[in-house]
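In what follows, a single structure is set out as structure tokens and then discussed.
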Amino acid sequence: MLSRFFKTATVCIILMQLVACQPQSQIEIKDLASHFSVMGQTSAELIIGKIKYAGHEPDRLIKVESNIADQVEIYLLKDSQIQLQENGLVLNPNQIYSSRSQNHQMIHLMLLGLKRPLVKGSQEEVTFYFEKTAPIIKKILILDTPEGESHGHHH
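So this is what it looks like as structure tokens:
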């Protein structure tokens, strides 16, 4: 009986050390925003202000999921061309995706099959899944302007 307790305690200590020793995420995701949606609207664009990858080896954004949509598609906007990233998106070391600068590539997400309208002040979330990095959960800021109106950045 006592040996089983010690085995369990040892496993717990090892697990705690593994969790404690995991490096801080090398991926920084900031300023997720979407415009409010109305009843009957089935999709919405999600703007990502910035994704910065500080890893030493390439990683890949495999998929994105949300509590508000059935499906999330990943698009890359580069040189005025927008492309669906069906096989995920490669993140190279020290790469920055930003909606604030003309020199950077930009990632847009499309929320498809909205489960309910996006309302200002609601706490919706998206989860980013990577090949090597642990999943990252972020909250979405719902803007109080409808989609299509100016939102502070230019393509």
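Last residue of the sequence shown? That's 512 in the numbering used here, and every number before it is there in order. Using N, Cα and C, we set each Cβ at its ideal position, and we do this for glycine too.
Practice prompt. Pick out whichever of 468, 411, 491 has its Cα sitting closest to the Cα of residue 499.
Written response: Counting from one through the sequence shown, the residue named residue 499 turns up at place 142. Among 468, 411, 491, the Cα nearest to that of residue 499 belongs to 468.
Fill in: Under 7 Å between C-beta atoms of residue 392 and residue 502
For the purposes of this step, residue 392 is taken as the residue at position 35 of the sequence shown. For the purposes of this step, residue 502 is taken as the residue at position 145 of the sequence shown. Their beta carbons are under 7 Å apart, which means residue 392 touches residue 502 by this criterion.
Discussion item. Looking at the strands, I want to know which residues DSSP matches up with residue 497.
Written reply: Walking along the sequence shown from the start, residue 497 turns up at place 140. Residue 497 pairs with 481.
Item to complete: Determine the contact status of residue 405 and residue 464, defining contact as a CB-CB distance below 7 Å.
Response: Here residue 405 refers to the residue found at position 48 of the sequence shown. Here residue 464 refers to the residue found at position 107 of the sequence shown. Yes. Within cutoff.
Fill in: Through-space distance from residue 474 to residue 454, alpha-carbon basis
The sequence position of residue 454 within the sequence shown is 97, counting from 1. The sequence position of residue 474 within the sequence shown is 117, counting from 1. Between the C-alpha atoms of residue 454 and residue 474 there is a straight-line separation of about 28 Å.
Fill in: For residue 384 and residue 408, the rounded distance between their alpha carbons
Taking the first residue of the sequence shown as 1, we reach residue 408 at position 51. Taking the first residue of the sequence shown as 1, we reach residue 384 at position 27. The alpha-carbon atoms of residue 408 and residue 384 are separated by roughly 7 Å.
Practice prompt. Please look up how many angstroms separate the CB atoms of residue 440 and residue 433, rounded, as I've assumed it's under 8 Å.
Written response: For the purposes of this step, residue 440 is identified with residue 83 of the sequence shown, where counting begins at 1. For the purposes of this step, residue 433 is identified with residue 76 of the sequence shown, where counting begins at 1. Contact flag correct, Cβ pair sits at about 5 Å.
Discussion item. By DSSP's criteria, residue 463 is part of a beta bridge. Which residues make up the other side?
Written reply: As a position in the sequence shown, residue 463 is number 106, starting the count at 1. In the DSSP output, where bridge partners are listed per residue, residue 463 has 434.
Discussion item. By alpha-carbon positions, which one of 390, 386, 422 ends up nearest to residue 477?
Written reply: On the sequence shown, residue 477 is found 120 positions in, with the first residue counted as 1. Ranked by how close their Cα comes to the Cα of residue 477, the residues 390, 386, 422 have 390 in first place.
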